[in-house]
Amino acid sequence: MLCRGRWRRLALPPAPGPGPRRAGSGAAPAAGYEVVVIGGGHAGTEAAAAAARGGARTLLLTHKIGTIGQLSCNPSFGGIGKGHLVREVDALDGLCGRVCDLAGVHYKVLNRCKGPAVWGLRAQVDRGLYRDNMRKEILNTPLLTVHEASVEDLLLTEPEPDHPGKCRVRGVVLGDGSTVHAGSVILTTGTFLRGMIHVGLEKHPAGRLGDQPSIGLAQTLERLGFAVGRLKTGTPPRLAKDTIDFSGLEERTADNPPVPFSFLSKAVWIKPEDQLSCYLTYTNPKAQQIVQDNLHLNNHVRETTKGPRYCPSLEAKVLRFPNREHQVWLEPEGLESNVIYPQGLSMTLPPELQEQVIKSIRGLEKAKMLQPGYGVQYDYLDPRQLTASLESRLVQRLFFAGQINGTTGYEEAAAQGVIAGINACLRVRGKPPFIVSRTEGYIGVLIDDLTTLGTNEPYRMFTSRVEFRMSLRPDNADARLTHRGFEEAGCVSQQRYEQAVKMKAALEDGIAALKSLQFSVSKWSQLIPEVRLSSSRRSPMSAFDVLQYPEANMEILARAIPEPLRKFAKWRELSERLKIEAAYEWCVVNQQEEIEEVRRDEALQLPEDLDYFAIDASLSTEVREKLSSNRPQTIGAVSRIPGITPAAIVNLLRFVKNKHRKAEKLKAFPQTDKYVPGKMYSEKAASQTQISAELSEEEPESTFVKTPV
Amino acid sequence: MALRGALSAAGRRWAQQRLCCTARGDTIFAVSSGHGRCGVAVIRTSGPGSRGALRSLTGRPELPPPRVLALRRIRDPATAEPLDRGLVVWFPGPQSFTGEDCAELHVHGGPAVVSGVLRALGRLPGLRPAEPGEFTRRAFHRGKLDLTAAEGLGDLIHAETEAQRRQALRQMEGELGRLYQRWSETLTQALAHLEAYIDFSEDDNVEEEVLSQVDAAVRALEQELGAHLQDGRRGELLRGGVRAVIAGPPNVGKSSLLNLLCRRPAAIVSPVAGTTRDVVEVSLNVTGYPVVLSDTAGLRDATDPVEREGVSRARDRPAPSPQAAAGRPGAGRAGCHGRARRAGGAGGCRGVPGAPRRPLHPGAQQGRPAGGGHGGSACRLRPGTPRAPRRPSVLQDGRRHRPPAGAAGAAVGTAVRRPPGRLAQPDAEPAQPAPGGLRGRAGALRPAPRAGPGAGGRAAAAGAAAPGAHHRARGRRGRPRHHLQGFLRRQVTGRRGAAPP
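Each protein sequence line maps, in turn, to chains A and B.
Under the numbering used here, the residue at position 368 of the first sequence is numbered 368, and the numbers go up by one with no gaps.
Under the numbering used here, the residue at position 195 of the second sequence is numbered 195, and the numbers go up by one with no gaps.
Below is the structure:
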């Protein structure tokens, strides 16, 4: 969430001059675009840029060009699980990774002591630098136009017959009453749909402090029949750095060398030694007392709306885990900035009480509060109304991405933005959607979880949500997604694609070279005495096997066997990736079979317009209800819905089969589609043994095709 | 870290299994003819390992002609033990139900045969039990599924899962359910802690000791699971029957005990030591549980060649498991184990204190076979693992002993039902008074001073098959055999036992 406060607006640099494709706030945008994106946050910028990269003439509509790329809440990117998302967005040539590397002031890889599959790339970024660089990037993206306007309504028309949905969007109505035609529309309005800010007992409508909410759009969506829920979130107060006494606090320094987010960044913009530190302090019983004594003054907390479980407010922590100290991280907002973001201190008490809480904390006794913390409640859309391409089922060509789908966090929003942007573009072109599978990336898990299972609290990414965590690592995101992004989505630049191809080839070479070097264990022990090999290993061992040992690395191996390993070891990035590949090889091999299975199931598409209550299959009402509300798109998604039985899955398989067959039959003989009821009952009554005997033969040519609906 | 070690070991084992498998992909197997007792059971495999599995189980390098039934002897490849003679069919892919290589084994439907074959299949590398609906899904993936067949199969699978659900519910009730529930919770908790440790880093107060705590919890659980599994096969005992052997020194009343329990003179009894030569087997229905009781020759250094053979047979008989040390005088204990499974509607005798007991027959309410002073006879179930306490508390407390026959039923019931680990102790508690009103004498139960636990001085009756039913003889050496017979006769005729000495 955000907290673009008064101080921030005052410090706002003058808006840059109009870019080549920037329509001024006064001038009406050109009459038609292929893709129109509403909202300029993390989802909106990524969506607009991805659509434009894909070749679509794109319009980005935002309330204020000055707030494009605004970090509304914490001045940081990445984290455990979230760092994976940033890497994957970057692999699809998204913006946030690259922009972070132009703004990071404190890089830290979390989880360093654990395996590289769960390393969490994270950085504190300079709020101003991030916003300016993002704005520059957006304004300089070819085919992308930015226009300052509010959107009040959608233009709708007759649906296309071959897709589900009761209507199709063909444009938007702006605040001034003018219309913009569009092939696809992407809604990324974040917390702005009927946003309501709470501070103490006060509340006023706003999507972000100082910004108007979207009411008209919310009404439009409701009128169209979208199921809408309500969520809440919050942001902490901001403190003046020069009033904080850091002397007694724990200092956390940044990583040296810093690990950049983007595969394109060889280094980060800031010198490693110039990075800023974070400081750690703790709440105490006094702060708890203040919170508990004043719950009656705290509307936001008393509401039953669900807040982010994994980024709770101070009030939530005090209520759920009383009598503990809670961490407060004091994070710098930028190199030049005098603002400190106290992470962990999100609260919605009246401002004077917030000041009391702050002053009760060690190091903050004299701290000046620049802006109070506040809470936001907002409408979100039940994401089960979306397909895996993030297009809505109700309104064709209308896409949703970001916090509006019930997620929390910049990275989750950016990930959805890229996918929505790519698909909005592909949809206009009439191409098949670009869907990242659960087996391919965290993005796939995120979107599949949302669109299949929905959410009733702000959804945050975790590594534990990912089945194939060993294969989906931050280091190999480019190998997983860049090729597909280039070939299928056309959203990846030639330069990035070539780099990914080069890296892939080098990795394959390296692995082949390492595997070809085979020596006995005793020989290895002579060559590299620093690596303690277990003597029980069967001989011979390849260099790739040796590389699995924790002490081994490419440098050591190249010292022992300069030819042919030296050239691999010299390439630092490659040698690190080879080491990780070696460490995970056996897990990945083991997972491959399971991955194949999931992919097979995901290849079995269920018709999007299937009426689960009407189909003639032996499904219980409970199962029908679940299928109907979750609208799984594949058999794989069906199997992940809680409470769906194996029998239901088999029955649905039958429908997939039926559909295929029917399509084939229709193609061959349009009028032979007939229904033979007798056969069904006679065979249904047969025992399984008989059936198995019958089926043991080659499948008989069947004239039996049942009409599903 | 034990956990990491265990995980990586499991992973490697798994990887090895995968690598051993000649072709890609798992091979699955399952009983496809439904569960429970039936005439013929069809066990089906599908996948690249089917060929090897069929070869291993039939013990022949050549396969039968495709899609033709062939009669084969089916053996466990690990032990070469014959499991059954049955029909096998070989369906090479793609002309099979699933489109993969398939094999079908049509074996006799007895639970022991079926589980034996399944166990043998499960031990083959690359084979694993099928999940519900998996055959159908494979058939589907290969484009082999006919619509009506899919529907029929769907119904069948539905019925099966329904049955599984009911069975699961049944198992969830009671002690065993609670035990499994606790294990499941332990694992879930361990997993949750690990995931929290991974997903919340230093800034979320997840302490480093999480790993060692999880490690300890999983280690403890591993041991508990191991102990539980070692005590396995109780369910099999329930289905296949309990084999009990009466063994011990000569002339202590083994054959009389057998006759008493089966209520007919199945074995010849005489006052002469060494009367029983051959193994006499009797099938009994003890309160609903099948029991095969074997009377054996008394263990001694016999001079007569026939008796010597009898003694050697007796020694062979009870000891398939290392724990069953046959013929240790006075080793009046027995154990049994098995996967505890609730016997739906089996006998009213539960083998737990307080539960109503149904005696084997009304006359045999009380048995007090007197043992020869030089040793007692031991009756044990095989395979036996946990031992009853050598000197059960009931004895030391001088409380009344329970009637042997009812106790036998109780013991068998207990043996097949009670979760392991709890086997010995509760059963050593005093039994309910027998319905017939016949009581043992407290004084008679106290072992003679010289008849210590090692020396025996007790003839463990069939009841002692399970730890609950310790039947003790008086610990006087050389007590004449006819005393015992008189005693037994009194039991049968329903007269009260002798007064305490």
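For glycine and all other residues, C-beta sits at the position ideal for the given N, C-alpha and C.
Inter-residue spacing [alpha-carbon to alpha-carbon] between glutamine 288/A and aspartate 176/A
As a position in the first sequence, residue 288/A is number 288, starting the count at 1. As a position in the first sequence, residue 176/A is number 176, starting the count at 1. Whole-angstrom Cα-Cα distance: 48 Å.
Just checking: is the beta-carbon of isoleucine 443/A within a distance shorter than 7 Å of some beta-carbon in chain B?
Within the first sequence, the letter at position 443 stands for residue 443/A. No, isoleucine 443/A does not count as interfacial toward chain B.
Does the stretch 521-539 of chain A touch the stretch 549-569 of chain A, meaning 3 or more C-beta pairs lie closer than 8 Å?
yes
If we count the other Cβ atoms within 10 Å of its Cβ and call it buried at 16 or more, is threonine 157/A buried or exposed?
Here residue 157/A refers to the residue found at position 157 when the first sequence is read from its first residue. Threonine 157/A should be labelled exposed.
Please report how far the alpha carbon of proline 480/B lies from the alpha carbon of arginine 315/B, in whole angstroms.
Here residue 480/B refers to the residue found at position 480 when the second sequence is read from its first residue. Here residue 315/B refers to the residue found at position 315 when the second sequence is read from its first residue. Bear in mind that a pLDDT of 38 at proline 480/B, under 50, signals an unreliable position, so the number given afterwards is only what the model happens to contain. In a straight line, the C-alpha of proline 480/B is about 25 Å away from that of arginine 315/B.
Going by beta-carbon coordinates alone, are lysine 515/A and serine 493/A separated by less than 7 Å?
As a working note, residue 515/A is residue 515 in the first sequence. As a working note, residue 493/A is residue 493 in the first sequence. No; because the gap between Cβ atoms is not below 7 Å, this pair is not in contact.
Would you say serine 522/A lies against chain B (beta-carbon separation less than 7 Å)?
Position 522 of the first sequence, counting from 1, holds the residue named residue 522/A. Closer than 7 Å: no.
What does the alpha-carbon distance come out to for the pair tyrosine 180/B and glutamine 403/A?
If you number the second sequence from 1, residue 180/B lands on position 180. If you number the first sequence from 1, residue 403/A lands on position 403. C-alpha separation (whole angstroms): 41 Å.
For proline 129/B, three-class secondary structure by DSSP
As a position in the second sequence, residue 129/B is number 129, starting the count at 1. Note: proline 129/B maps to strand in three-state DSSP.
Whose Cβ in chain A lies nearer than 8 Å to the Cβ of isoleucine 198/B?
Position 198 of the second sequence, counted from the start, is the residue given in the question as residue 198/B. Here the neighbours are Ile80, Asn111, Lys114, Val118, Thr463 and Ser464.
Label proline 677/A either buried or exposed according to how many other C-beta atoms from any shown protein chain fall within 10 Å of its C-beta, with 16 as the threshold for buried.
For the purposes of this step, residue 677/A is identified with residue 677 of the first sequence, where counting begins at 1. Below a pLDDT of 50, predicted positions are generally treated as unreliable, and proline 677/A, at 34, falls in that range; the measurement from the model is reported next regardless. Burial call: exposed.
Could you tell me whether the Cβ atoms of glutamate 148/A and glycine 216/A are closer together than 7 Å?
Sequence index remark: in the first sequence, residue 148/A carries index 148 (1-based). Sequence index remark: in the first sequence, residue 216/A carries index 216 (1-based). Result no, Cβ atoms of glutamate 148/A and glycine 216/A do not sit closer than 7 Å.
Considering only DSSP beta bridges, list what asparagine 323/A is partnered with.
Position 323 of the first sequence, counting from 1, holds the residue named residue 323/A. According to DSSP, asparagine 323/A bridges with nothing at all.
Less than 8 Å between the CB atoms is what I'm expecting for tyrosine 130/A and glycine 69/A, so what's the real figure, rounded?
Along the first sequence, read from residue 1 onward, the residue named residue 130/A stands at position 130. Along the first sequence, read from residue 1 onward, the residue named residue 69/A stands at position 69. 6 Å between Cβ atoms; contact.
Name the chain A residues whose beta carbon is nearer than 8 Å to that of histidine 141/B?
Here residue 141/B corresponds to residue number 141 of the second sequence, with the count starting at 1. Those within 8 Å of histidine 141/B in chain A are Arg600.
Going along the stretch 106-133 of chain B in order, which residues come within less than 8 Å of chain A, judged by CB to CB distance?
Glu131, Pro132 and Gly133
Just mark threonine 455/A as buried or exposed, buried being the case when its beta carbon has 16 or more other beta carbons within 10 Å.
Reading the first sequence from its first residue, position 455 is the one you call residue 455/A. Buried is the call here.
Roughly how many whole angstroms lie between the Cα atoms of threonine 136/B and proline 540/A?
Taking the first residue of the second sequence as position 1, residue 136/B is located at position 136. Taking the first residue of the first sequence as position 1, residue 540/A is located at position 540. About 43 Å.
Leucine 249/A versus glycine 363/A: straight-line alpha-carbon distance, rounded
On the first sequence, residue 249/A is found 249 positions in, with the first residue counted as 1. On the first sequence, residue 363/A is found 363 positions in, with the first residue counted as 1. Computed Cα separation, rounded: 7 Å.
Where the beta strand (DSSP E) containing glycine 86/B begins and where it ends:
Position 86 of the second sequence, counted from the start, is the residue given in the question as residue 86/B. It spans 82-91 - the beta strand (DSSP E) in which glycine 86/B sits, taken as one unbroken run.
Between the CA atoms of alanine 52/A and glycine 83/A - distance to the nearest angstrom
For the purposes of this step, residue 83/A is identified with residue 83 of the first sequence, where counting begins at 1. For the purposes of this step, residue 52/A is identified with residue 52 of the first sequence, where counting begins at 1. When rounded, the distance between both Cα atoms is 25 Å.
Would you say glutamate 195/B lies against chain A (beta-carbon separation less than 7 Å)?
For this step, residue 195/B is matched to residue 195 along the second sequence. Yes - at least one Cβ of chain A is within 7 Å of the one on glutamate 195/B.
Which one of Arg654/A, Ala582/A and Thr645/A has the shortest CA to CA distance from glycine 115/A?
If you number the first sequence from 1, residue 115/A lands on position 115. The option with the nearest alpha carbon to glycine 115/A is Ala582/A.
Can you give me the Cβ contacts of isoleucine 556/A inside the same chain, cut-off strictly under 8 Å, excluding the 5 residues immediately before and after it?
Residue numbering aside, residue 556/A sits at position 556 when the first sequence is read from its first letter. Contacts found: Ile528, Glu530 and Val531.
Any residues in the stretch 623-655 of chain A with a beta carbon nearer than 9 Å to a beta carbon of chain B? Which ones, in chain order?
Ile635, Thr645, Pro646, Ala647, Ala648, Ile649, Val650, Asn651, Leu653 and Arg654
Under 8 Å, with one C-beta from each stretch per pair, do the stretch 216-231 of chain B and the stretch 244-257 of chain B reach the 3-pair mark?
no
Amino acids of chain A, ordered along the chain, whose beta-carbon sits closer than 8 Å to that of threonine 188/B
One-based indexing of the second sequence puts residue 188/B at position 188. Residues of chain A passing the Cβ test: none, with the nearest at roughly 13 Å.
By how many angstroms is the C-alpha of leucine 71/B removed from the C-alpha of alanine 227/B?
Counting from one through the second sequence, the residue named residue 227/B turns up at place 227. Counting from one through the second sequence, the residue named residue 71/B turns up at place 71. In a straight line, the C-alpha of alanine 227/B is about 40 Å away from that of leucine 71/B.
For a quick check, are the C-beta atoms of tyrosine 380/A and glycine 406/A less than 7 Å apart?
Counting from one through the first sequence, the residue named residue 380/A turns up at place 380. Counting from one through the first sequence, the residue named residue 406/A turns up at place 406. Closer than 7 Å, so yes.
Can you tell me where the alpha helix (DSSP H) holding valine 311/B begins and where it ends?
As a working note, residue 311/B is residue 311 in the second sequence. 305-316 is the extent of the alpha helix (DSSP H) around valine 311/B.
What's the C-alpha gap between glutamate 160/A and valine 36/A?
As a working note, residue 160/A is residue 160 in the first sequence. As a working note, residue 36/A is residue 36 in the first sequence. Taking the straight line joining both Cα atoms gives about 19 Å.
Less than 7 Å between CB atoms is the rule here; does threonine 136/B satisfy it with respect to chain A?
The residue labelled residue 136/B in the question sits at position 136 within the second sequence. Interface residue, yes.
Going by DSSP, what residue range makes up the beta strand (DSSP E) through valine 279/B?
Here the question's residue 279/B lines up with position 279 in the second sequence. Segment: none, valine 279/B is in no beta strand (DSSP E) and carries neither H nor E.
Mind the definition here: the stretch 594-611 of chain A touches the stretch 635-652 of chain A only if three or more C-beta pairs lie below 8 Å; say whether that holds.
yes
Strictly by DSSP, which residues pair up with phenylalanine 400/A?
By one-based count along the first sequence, residue 400/A stands at place 400. Beta-bridge pairing links phenylalanine 400/A to Leu187/A.
Length of the line joining the Cα atoms of tryptophan 269/A and glutamine 354/A:
Numbered from 1 along the first sequence, position 269 holds the residue referred to as residue 269/A. Numbered from 1 along the first sequence, position 354 holds the residue referred to as residue 354/A. Whole-angstrom Cα-Cα distance: 36 Å.
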